[in-house]
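Written out below as structure tokens is the structure these notes cover.
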Amino acid sequence: MAGVHEALGWVLGRTPWSPLSGRDLPDPGPAELLSEYARAEAVRHRSRVLPVGMDRVYVGGIEHALSWARGAADAAPPAG
């Protein structure tokens with residue numbers, strides 16, 4: 002749930018830092034959500050190397066929360 006918490010905190014403006022890339026994006030719009038989602042998807046599904054201090058479960062939480070926040074029809078609520 003840590004990845005979900007961090008991603009939704011960013012989406013809701015509780016932190017300016019994107020959860021995976023660490024970019025300073027205080028007011029993320031659709032393009033920023035898609036960019037961070039795509040980054041999480043790539044790390045989780047295609048990368049053999051994870052960012053320092055992260056595991057696949059954390060990155061999966063980010064991916065799922067951002068999918069839901071973007072309105073993906075097949076995404077259940079992250080706490081769900």
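Just so it is clear: in the sequence shown, position 13 is 14 by this note's numbering, and no numbers are missing.
Glycine included, C-beta positions come from ideal geometry on N, C-alpha and C.
With a Cβ-Cβ cutoff of 7 Å, do residue i and residue j count as a contact?
i: V5; j: A70; result: no
i: E37; j: S19; result: yes
Cutting at 7 Å between CB atoms, please list the residues of its own chain near residue i, excluding the five before and the five after it.
i: A41; result: L21, V60, I63, E64, L67
So the alpha helix (DSSP H) residue i belongs to, where does it begin and stop?
i: L35; result: 31-46
i: A3; result: 3-12
Starting from the C-beta of residue i, find all residues in its chain whose C-beta is less than 8 Å away, skip the five residues before and the five after it, and write them out in chain order.
i: V58; result: G4
Could you check if residue i belongs to the surroundings of the ligand FAD, using beta carbon to heavy atom distance under 6 Å?
i: G54; result: In the structure shown, the ligand FAD is absent, as is every other ligand, since no ligand is present at all.
Should residue i be labelled buried (16 or more other beta-carbon atoms within 10 Å of its own) or exposed?
i: R45; result: buried
i: L35; result: exposed
i: P27; result: exposed
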